[in-house]
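Enquirer: Dropping a structure here in structure tokens format, bear with me for questions.
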Amino acid sequence: MILLQKAIEFEKRSMARMTTSDRVLASREAKSLVLKINEIYKKTKDPKLMDIMKLVTIKKKKIDKRLKGLAPGII
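Start counting at 1 in the sequence shown, then tack on 2, and there's your number in my numbering.
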């Protein structure tokens, strides 16, 4: 499936030297990938799809954390 290849490629992509706009685009792409994979997962219940969704979600959380910065009071 092309969708799974895109998800795996996204997960392996380097986050080094990303601009803020690149991070925003990557975050949106991750959200889109997870939602599309989730639709397929609902029908098939394939555990491999869940694993891929988890990997993409972890990467998205890292990107979002970098976008938002540290929350006040955590330091």
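Backbone N, C-alpha and C define an ideal beta-carbon position, used for all residues, glycine too. These figures come from a predicted structure and were not determined experimentally.
For I42, which residues in the same chain have their Cβ closer than 7 angstroms to its Cβ, ignoring the five residues on either side in sequence?
Expert: Once the five neighbours on either side are set aside, the close Cβ partners of I42 are L51.
Enquirer: Is the beta carbon of Q25 sitting closer than 7 angstroms to the one on L69?
Expert: According to the sequence provided, residue 25 is Arg. The question's Gln does not apply to it. Yes, these two residues count as a Cβ contact at 7 angstroms.
Enquirer: Our contact map puts L35 next to K8 with C-beta atoms below 8 angstroms; I'd like the distance itself, whole angstroms only.
Expert: Correct: roughly 6 angstroms between the Cβ atoms.
Enquirer: Look at the alpha carbon of I65 and the alpha carbon of M55, and state the distance between them as a whole number of angstroms.
Expert: C-alpha separation (whole angstroms): 15 angstroms.
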